[in-house]
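Engineer: Residue numbers for the sequence shown follow the numbering used here, beginning at -18 and rising by one. Positions of the beta carbon are idealized from the N, C-alpha and C atoms, including for glycine. All values derive from a computational prediction rather than experimental measurement. Dropping a structure here in structure tokens format, bear with me for questions.
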Amino acid sequence: MEKFVPYGKMSKKAKRKFDISKRRDWNGLNPITRIAEKEKRYSRKIKHPEKLI
């Protein structure tokens, strides 16, 4: 059994190894190419452009 070492006292290598082990995996999916399946999406269009004049 490994001896407990507080995170603040770990070496850089140990912190990196610990952080990598806690990160989640996308299981082969690319999050950039995922599309939201919602009907209402964010739109940059102005709703009432005639009111701006």
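Taking the C-alpha atoms as reference points, what is the distance between P(-13) and K(-4)?
Structural biologist: Their Cα atoms are separated by approximately 10 Å.
Engineer: Measuring straight from C-alpha to C-alpha, what distance separates F(-15) and W7?
Structural biologist: Rounded to the nearest angstrom, the two C-alpha atoms are 30 Å apart.
Engineer: What are the start and end residues of each continuous alpha helix (DSSP H) run of 4 or more residues lying completely inside the region -16 to 13, in chain order?
Structural biologist: Runs found: -7 to 3.
Engineer: With a cut-off of 8 Å, does the C-beta of N11 fall near any C-beta of chain C?
Structural biologist: Among the chains in the structure shown there is no chain C, since it carries only a single protein chain.
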